[in-house]
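Position one of the sequence shown corresponds to residue 4 (our numbering), numbered consecutively onward.
C-beta: ideal position from N, C-alpha, C; glycine also.
Below is one structure; the comments refer to it alone.
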Amino acid sequence: MLFLLLLTIASCLPKAGGKTNWHSAHADSRNSDYSVVRGSKNITLAWEREFDGTINLGATNDTFGKVYVTTTGEGCHLYALDRKTGETVWCSAEIGKLAVASGALVDRQGNVYVADDKYMFAFDNAGKLNWKMPILGFPLSAQFTPSGRLLFITHIGVIYAMERETGRNVIEPYELTEGNSTRLAEIDPLACMRGTKNCPCANTPAIDPKTGQFYFTYWEPGAAQADLISMRYSETPSPHVSRMWRNASLPGGSASSPDISFDGKKIYVNDNHNGLHAIDAKSGKNIWRRNIGYATGGSPSTAPDGTIIPAGGARAPLICIKDAGDVALVQWRMDSVFNRGIATQTRGGLIYATINDRNRGKLFNSLMVIEASSGRVIDREELPGVTVFTVGTTVGPEGNVYVPAFNGKLFAFKPVH
């Protein structure tokens with residue numbers, strides 16, 4: 004009877020992101036940029052698409068065979084693609100161009116959530132609009148709370164928590180700095196690409212899936228530099244958010260969404276002055292800072308064993324760092340290539356990274372499969388045509404590797420068995 008009772012309770016719990024699909028901008032609520040799918044050592048190009056406009060984030064996917072990407076091109080700004088062919092299953096032109104700042108967020112039923120600078124939208128798996136709710140500013144992707152609510156922070160620093168089913172606000176929109184909403188016209192969306200002072204909240208929040216504590220970067224108007232802030236979302240006795248701590252350790256701002264370590268004890272985040280930080284998740288105290296020699300253009304990929312791959316940047320090498328407790332150690336580095344994007348790691352100790360090997364010209368890149376422990380290159384596949392730089396390598400539940408480029412190209416690589 005107890006087993007049946009527990010089974011019944013479990014079946015009633017809300018279902019947000021899936022366990023194997025890359026359902027949010029950085030894989031999961033931790034922003035890990037890590038896939039629990041065992042990666043393939045040998046891959047080959049399956050298909051490619053080219054969209055008008057730009058792509059700013061990695062593709063997300065569901066467990067029903069679809070891949071999602073947002074673009075600035077004319078017409079549709081959200082596309083659902085067939086993962087086997089890359090053909091359009093459905094798309095939405097109702098969403099504005101600033102949806103490109105967000106990756107589509109997908110729950111286990113295949114519902115899709117994405118915002119522009121006016122509304123948060125919810126679509127069912129077939130592309131039918133379920134609801135849209137007005138918002139102030141645009142988020143840089145949303146997340147799910149442990150109870151399955153939708154939580155996001157707009158670029159001007161307004162926190163929203165909504166019901167997935169209806170879009171109803173379960174808390175009053177929470178303004179981090181009073182008066183920011185009246186400064187909307189003064190804030191530059193382009194500054195969000197680098198997380199500088201003209202875009203106060205420029206990254207995706209990370210949420211601990213067990214505790215509801217969430218972490219985000221924020222540049223307080225008038226402050227000398229950006230902060231990493233921790234707050235908690237709770238539904239006891241009623242839905243609310245509360246402040247936990249603030250760490251003012253991000254000189255120059257940050258283009259890095261924070262990552263939560265898999266044990267929940269540390270937060271990893273980059274600043275714009277070449278630093279990678281590890282910060283205590285409970286207290287907000289600094290644990291270590293590693294100078295990696297450049298300012299990253301995105302978030303690090305973090306594996307359960309503490310292997311960290313910083314995102315690329317201007318003339319950046321490919322670096323593998325190991326969190327050794329109170330210090331960060333460089334495990335290996337490749338100075339012969341430039342890191343051209345946000346790498347991802349997978350189960351089985353593999354890294355998928357886009358690189359420029361200098362032999363094909365600075366606008367042409369390749370996808371490499373690398374053994375994380377040694378840095379040994381296992382496979383290398385060219386990205387056809389000009390790709391400049393990539394914006395988030397992701398992995399699907401079937402093992403496909405999706406690589407979008409900033410100039411509107413999307414490539415899918417499939418495992419070779």
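Starting from the C-beta of residue i, find all residues in its chain whose C-beta is less than 8 Å away, skip the five residues before and the five after it, and write them out in chain order.
{"i": "Ala96", "result": "Gly78, Cys79 and His80"}
{"i": "Glu51", "result": "Gly89, Pro387, Lys412, Leu413, Phe414 and Ala415"}
{"i": "Asn114", "result": "Ala125, Phe126, Asp127, Asn128, Asn133 and Arg167"}
{"i": "Pro203", "result": "His158, Ile159, Gly160, Leu179, Thr180, Asn183, Ile190, Tyr221, Trp222, Glu223 and Pro224"}
{"i": "Gly20", "result": "His26, Ser27, Asp31, Ser32, Leu108, Val109, Asp110, Arg111 and Phe147"}
{"i": "Arg86", "result": "Asn64, Gly68, Lys69, Val70, Gly399, Glu401, Asn403 and Ala415"}
{"i": "Ala164", "result": "Thr148, Arg152, Leu153, Leu154, Asn172, Val173, Ile174, Tyr236, Pro242 and Val244"}
Since residue i sits in a beta bridge, which residues does DSSP pair it with?
{"i": "Arg293", "result": "Leu279"}
{"i": "His243", "result": "Ser237"}
{"i": "Phe147", "result": "Leu153"}
{"i": "Val394", "result": "For Val394, which the question treats as bridged, DSSP gives no partner whatsoever."}
{"i": "Trp50", "result": "Ala415"}
{"i": "Lys269", "result": "Asp283"}
{"i": "Trp248", "result": "Ser233"}
{"i": "Val453", "result": "Given a span of 4 to 420 for the chain in the structure shown, any question on residue 453 remains unanswerable."}
{"i": "Ala83", "result": "Tyr71 and Trp93"}
{"i": "Ile381", "result": "Ile381 is not bridged to any residue."}
{"i": "Gln216", "result": "Arg235"}
With hydrogens ignored, establish whether the beta-carbon of residue i is closer than 7 Å to any heavy atom of the ligand NAD.
{"i": "Arg363", "result": "Summarising the ligand content, the structure contains no ligands, and the ligand NAD is consequently not present."}
Would residue i and residue j qualify as a contact pair, given that the criterion is a beta-carbon distance under 8 Å?
{"i": "Ser302", "j": "His26", "result": "no"}
{"i": "Gly344", "j": "Asp326", "result": "no"}
{"i": "Gln348", "j": "Tyr37", "result": "yes"}
{"i": "Gly42", "j": "Arg350", "result": "yes"}
{"i": "Gly151", "j": "Asp120", "result": "no"}
{"i": "Ile282", "j": "Leu231", "result": "yes"}
{"i": "Val92", "j": "Ala102", "result": "no"}
{"i": "Lys44", "j": "Ile381", "result": "yes"}
{"i": "Ala205", "j": "Cys195", "result": "yes"}
{"i": "Ala375", "j": "Ala306", "result": "yes"}
{"i": "Thr66", "j": "Val40", "result": "no"}
{"i": "Val406", "j": "Leu366", "result": "no"}
{"i": "Leu279", "j": "Ala331", "result": "yes"}
If residue i sits next to residue j, beta carbons under 8 Å apart, how far is it from one beta carbon to the other, in whole angstroms?
{"i": "Asn250", "j": "Gly215", "result": "The Cβ separation is near 19 Å, so there is no contact."}
{"i": "Gly170", "j": "Met123", "result": "7 Å"}
{"i": "Val391", "j": "Phe409", "result": "6 Å"}
{"i": "Asn277", "j": "Gly296", "result": "6 Å"}
{"i": "Val394", "j": "Leu60", "result": "6 Å"}
{"i": "Ser233", "j": "Met247", "result": "4 Å"}
Leaving out five residues before and five after residue i in sequence, what residues of the same chain have Cβ atoms less than 6 Å from its Cβ?
{"i": "Arg197", "result": "Ala258"}
{"i": "Asn368", "result": "Arg343, Thr357, Asn359, Leu386 and Thr390"}
{"i": "Pro254", "result": "Gln228, Asp274 and His276"}
{"i": "Phe54", "result": "Thr74, Gly76 and Gly411"}
{"i": "Lys135", "result": "Tyr122 and Phe124"}
{"i": "Lys200", "result": "Trp222"}
Report all residues from its chain with a CB closer than 7 Å to the CB of residue i; omit the five preceding and five following residues, and keep chain order.
{"i": "Glu178", "result": "Gly160, Val161 and Ser184"}
{"i": "Leu48", "result": "Glu384, Phe414 and Phe416"}
{"i": "Gly378", "result": "Cys323, Trp335 and Met337"}
{"i": "Leu143", "result": "Ala104, Ser105, His158, Cys195, Ala205, Asn206 and Thr207"}
{"i": "Ile156", "result": "Pro142, Ile162, Cys204, Pro208 and Phe219"}
{"i": "Ala319", "result": "Tyr297, Phe341 and Asn342"}
Item checked: Length at least 3, wholly inside the stretch 303-379: the beta strand (DSSP E) runs in chain order -> Listed in chain order, the complete beta strand (DSSP E) runs (minimum 3 residues) inside the stretch 303-379 are 310-312, 321-326, 331-337, 347-350, 353-359 and 369-374.
Note to self: Could you tell me which whole beta strand (DSSP E) segments of length 3 or greater appear in the stretch 90-172?
What the structure shows: Listed in chain order, they are 91-95, 115-118, 122-126, 132-137, 153-156 and 161-165.
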